[in-house]
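Chemist:
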Amino acid sequence: MKFKEKNFDKKNVSDAVQKVSAYVPGEQPKGGGWIKLNTNELPYPPSPKAVSAVKLELGSGEKLRLYPDPSSFELRSAIAKFFGLKPENVLAGNGSDDVLNLAVRAFSDKARKIASFDPCYTLYPVLAKIQGSEIVHIPIGKDFKLDIPALLKSGANILFFTNPNAPTGFGFDEKTVAEILEKFDGLVLVDEAYAPFAKYSAAKFVGKYPNLIVSGTLSKGWGLAGMRVGWALGSPAVISTLDKVRDSYNLDRLAQAAGAAAISDKKYHAKVVSAVLRERKKAESFFDKLGWQHPKSSSNFLLVEPKTPCGKSGPKQAGELFEFLKSKKVLVRYFPNSPEINSKIRITIGTPEQMAALEKRVLEWIEKRTRECKCGSLNKQKTKGAKS
Ligand code: PMP
139 MKFKEKNFDK KNVSDAVQKV SAYVPGEQPK GGGWIKLNTN ELPYPPSPKA
189 VSAVKLELGS GEKLRLYPDP SSFELRSAIA KFFGLKPENV LAGNGSDDVL
239 NLAVRAFSDK ARKIASFDPC YTLYPVLAKI QGSEIVHIPI GKDFKLDIPA
289 LLKSGANILF FTNPNAPTGF GFDEKTVAEI LEKFDGLVLV DEAYAPFAKY
339 SAAKFVGKYP NLIVSGTLSK GWGLAGMRVG WALGSPAVIS TLDKVRDSYN
389 LDRLAQAAGA AAISDKKYHA KVVSAVLRER KKAESFFDKL GWQHPKSSSN
439 FLLVEPKTPC GKSGPKQAGE LFEFLKSKKV LVRYFPNSPE INSKIRITIG
489 TPEQMAALEK RVLEWIEKRT RECKCGSLNK QKTKGAKS
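Using the numbering used here, read the sequence shown as starting at 139 and increasing by one per residue.
(1) Indicate whether methionine 365 and leucine 356 have their beta-carbon atoms separated by less than 8 Å.
(2) By Cβ distance, which residues of its chain are closer than 7 Å to proline 334, with the 5 residues on each side in sequence left out?
(3) Does threonine 300 come out as helix, strand or coil in the three-state DSSP assignment?
(4) When the distance is taken between beta carbons, is threonine 300 closer than 8 Å to tyrosine 121?
(5) Is glycine 523 helix, strand or coil when you go by DSSP?
(6) DSSP state of lysine 337, grouped into three classes?
(7) Looking at the secondary structure, which residues open and close the alpha helix (DSSP H) in which alanine 218 lies?
(8) Any heavy atom of the ligand PMP closer than 7 Å to the CB of alanine 456?
(9) Glycine 171 to serine 378, Cα distance in whole Å?
(10) Keeping to the same chain, check which residues put their C-beta closer than 7 Å to that of glutamate 510; ignore five residues upstream and five downstream.
(11) What residues in its chain sit with their C-beta under 7 Å from that of leucine 261, if we drop five residues either side in the sequence?
(12) Thinking just about the alpha-carbon of each residue, which of Trp503, Lys174 and Ala216 is nearest to the one in isoleucine 401?
(13) So is the beta-carbon of aspartate 131 under 7 Å away from any non-hydrogen atom of the ligand PMP?
(14) Among residues of its own chain, excluding the 5 on either side of aspartate 256, which ones have a beta-carbon nearer than 8 Å to its beta-carbon?
(15) Where does aspartate 88 land, buried or exposed, given buried means 16+ other C-beta within 10 angstroms?
(16) In chain order, what residues place their C-beta within less than 6 Å of a heavy atom belonging to the ligand PMP?
(17) Quick one, are the C-beta atoms of glutamate 417 and isoleucine 487 less than 8 Å apart?
(18) Please say whether proline 206 and glutamine 394 have beta carbons closer to each other than 8 Å?
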């Protein structure tokens, strides 16, 4: 064999991939005892109907010998029914990350730019780099006013519009989505991973706007992150274009069965979503009382700016709180390398018990800081006294 491992060298790697640093997903800690509030999973199991469907599909294992339905037809029909659409308006993805990847591959290249608002889901720039596409970031204003003229000037072929937004949690209203769809001369992918916790879905605009793609997932609002089921909704023309790029068997049998059963169980979905919304409201008022800032959330998480009792906020304080919580086995998300949000921590809304445990640890951290603040001011007074 001519090719030796030692010969494996950067030159064997495509120019685009040489420049890529892999996407870093949130930690999935090993071992038990964690209060896991770091990757925006639902804190409840999926519908019992989804679990039964998986068991039924698995049976003795005999069916696993055969390939799954390449078009995920039953799953697509169930998704279509949920949104009041037709199966030809739906593509099924191996999670919605799969859909995002397909959209980047189908609608961008060296000549066709991508736009996204900033901060954004950090997977988009990674996918863009792999494709060798330029990505234009349009900052989200402090008051969440989008700079639509800058977007229109970007010359991008596709906009990735995360709504509700990640990592801020903020939800843009229907009017803003419609305005962008009307004015932007390209495709608009509305990434609705968190829409189950918001007031509406842009799915209702499919049929009206031929440039719309809505991506969604069963990972957050249906408790099926472990199954990897997502979708794209759009016009038949857009869907069949994405379909050209898709792996033929992108969803396995168990995922298709679980997904169809889960999305058909509307009652269970509504119940778990309202449980999350109740806890979100309580968590918002807990942080409001502490005077810790956070954008109004339309998602199943809060992006919170920790503040010490002496009023200090910043990357140091956020990083310290993150580590303190982790040392108590409460895992939240911290993005030290993102300057726009590195003075904040992102907290997934959990069960009432998980949230009570989080709040207890936050209060402990404040208590610890209070002592330090007091010591700090005593020391200051002593130094002042020594000088005078
Ligand atoms: N979009 C956003 C904004 C996300 O935060 C995530 C999850 N990290 C996804 C899409 C992808 O979710 P999934 O692949 O589990 O459907």
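C-beta atoms are modelled at their ideal positions from N, C-alpha and C, and glycine is treated no differently. Remember, it's a predicted structure, so these values are computed and weren't measured experimentally.
Modeler: So, from the listed chains and residues:
(1) yes
(2) Lys358, Gly359 and Val411
(3) strand
(4) Residue 121 is absent from the structure shown; the chain starts at 139 and stops at 526.
(5) Low confidence applies here, because glycine 523 scores a pLDDT of 45, under 50, leaving its location unreliable and the question unanswered by this model.
(6) coil
(7) That run of the alpha helix (DSSP H) goes 211–221.
(8) no
(9) Each residue's Cα considered, the two are about 45 Å apart.
(10) none
(11) Scanning its chain for C-beta atoms nearer than 7 Å, with the 5 sequence neighbours on each side dropped, one finds around leucine 261 the residues Tyr161, Asp235 and Leu238, in chain order.
(12) Looking from the CA of isoleucine 401, the closest CA among Trp503, Lys174 and Ala216 belongs to Ala216.
(13) Absent from the model: residue 131. The displayed extent of the chain is 139 to 526, so no value can be given.
(14) Around aspartate 256: His275, Ile276, Pro277, Ile278 and Glu478.
(15) With the chain covering only 139 through 526, there is no way to say anything about residue 88.
(16) Counting every residue whose Cβ lies closer than 6 Å to a heavy atom of the ligand PMP, we get Gly233, Ser234, Asp235, Tyr259, Thr300, Ala304, Asp329, Ala331, Thr355, Ser357, Ala363 and Gly368.
(17) yes
(18) Contact: yes.
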